[in-house]
Amino acid sequence: MEFDYYEVRPCIDVNGAFISYRTLEAFEEDKARLVKLGEVKLTWTIYGILTNGEARAIGDFVDQASAMAIMNAILAPMARARDLIWEDNDKAYAVLDDVINQSSNNERI
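Numbering-wise (the working numbering), the sequence shown opens with residue 415 and increments by one.
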């Protein structure tokens, strides 16, 4: 499995029924309505998006800022390597190689 990119989406859990929203507008609309109906849990979820468009949940967070901070932390080594490509290809390779080797447990990519 390989993610093409990542998204942070707002989500609502209404008595075990989990709804994920692609737009803030739809989320805000439903949130206002559902909160009136009963107990709801609001979360922000990081999704990895596959080539076929399928979204896989990676983690749930209590607020958007926390989800964005973690997603940015996931992307940071790739951003650093991207920036290094302009300066030094060997350093860029080393950054990416280090992330891959230290992040994979029994399965090397």
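Cβ atoms here follow ideal geometry from the backbone N, Cα and C, with glycine treated the same way.
Remember, predicted model here, so these are calculated numbers, not experimental data.
For residue i, the three-state DSSP class (helix, strand or coil)
i           : result
residue 489 : helix
residue 464 : coil
residue 441 : helix
residue 422 : strand
residue 454 : strand
residue 470 : strand
residue 427 : strand
Rounded Cβ spacing between residue i and residue j (contact assumed at less than 8 Å)
i           : j           : result
residue 422 : residue 485 : 6 Å
residue 417 : residue 462 : 3 Å
residue 481 : residue 475 : 4 Å
residue 498 : residue 506 : 4 Å
Outcome for residue i when other beta-carbon atoms lying within 10 angstroms are tallied against a minimum of 16
i           : result
residue 449 : exposed
residue 479 : exposed
residue 431 : exposed
residue 471 : exposed
residue 495 : buried
residue 514 : exposed
Beta-carbon proximity of residue i to residue j, cut-off 8 Å
i           : j           : result
residue 445 : residue 426 : yes
residue 458 : residue 477 : yes
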